[in-house]
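Chemist: The structure's right below; bear with me while I get my questions together.
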Amino acid sequence: MTKTDDLYLGYERWLPSPPKVKKPRSIYNAAALAYLGDCIYELYARRHFLFPPLSIEEFNDRVMAVVRCEAQDALLQKLLSDNYLTQQERDVLRWGKNIGNSVKTRTKKRAGVAVYNRASSLETLIGYLYLTNAKRLDEIMVKIGFSTDSSTQLILEESVGKSADSIAPRLS
């Protein structure tokens, strides 16, 4: 019997099933896990802002505000300051922190290397947990504000003392 809190919109599982990998760190490098984590993070963001129904532009603006590296960094800082992550999860963060050093992007120039690297480390952790522990991934994503009954903007305001609008400029 499935518990009610395991359902989302009547579905037991809303993410695609991950490949069966026992030790992702031995198969994938940190950049590959960050790439995967970026996709999973955006799926959580899109699901979070799906209700109430809005225009595509409004959906996009809200999602873009939380997928920017500055917002990801603020959410990671919240997890760290609350001492919410295990030692193993912190190790994955350290492993993923340096993947952006060889990458040259406008984002890294805009946000700064440290912010970009911390956001990349969060994406690495998300990719790692997607492959190894979906339940823990969901706990962390709910903790940072991705659920149907909370607002990521409120979490951002608490963690950095700024509104999401000040972190991510309007895209209109």
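For the sequence shown, position 102 (counting from the first letter as 1) is numbered 279 according to the numbering used here, and the numbering increases by one without interruption.
Beta carbons: idealized from backbone N, C-alpha and C, even for Gly.
Within 10 angstroms of its Cβ, does N275 collect 16 or more other Cβ (buried), or is it exposed?
Modeler: The residue in question, N275, is exposed, as its Cβ has fewer than 16 Cβ neighbours within 10 Å.
Chemist: Given this structure, state the Cα-to-Cα distance separating S324 from F228, to the nearest angstrom.
Modeler: If you take the alpha carbons of S324 and F228, they lie about 11 Å apart.
Chemist: Going straight from the alpha carbon of R313 to that of G273, what length do you get?
Modeler: Distance between the alpha carbons of R313 and G273 is about 18 Å.
Chemist: Hey, would you say T309 sits closer than 8 Å to G214, going by beta carbons?
Modeler: No, they are not a contact pair.
Chemist: I want to know whether the region 209-223 touches the region 253-267 - three or more CB-CB distances under 8 Å.
Modeler: As far as the Cβ criterion goes, the region 209-223 does not touch the region 253-267, which means the pair count is below three.
Chemist: From the DSSP output, in three-state form, read off S232 for me.
Modeler: S232 falls in the coil class under three-state DSSP.
Chemist: Within 10 Å of its beta-carbon, does E247 have 16 or more other beta-carbons around it, so buried, or fewer, so exposed?
Modeler: Buried, because 16 or more other Cβ atoms sit within 10 Å of the Cβ of E247.
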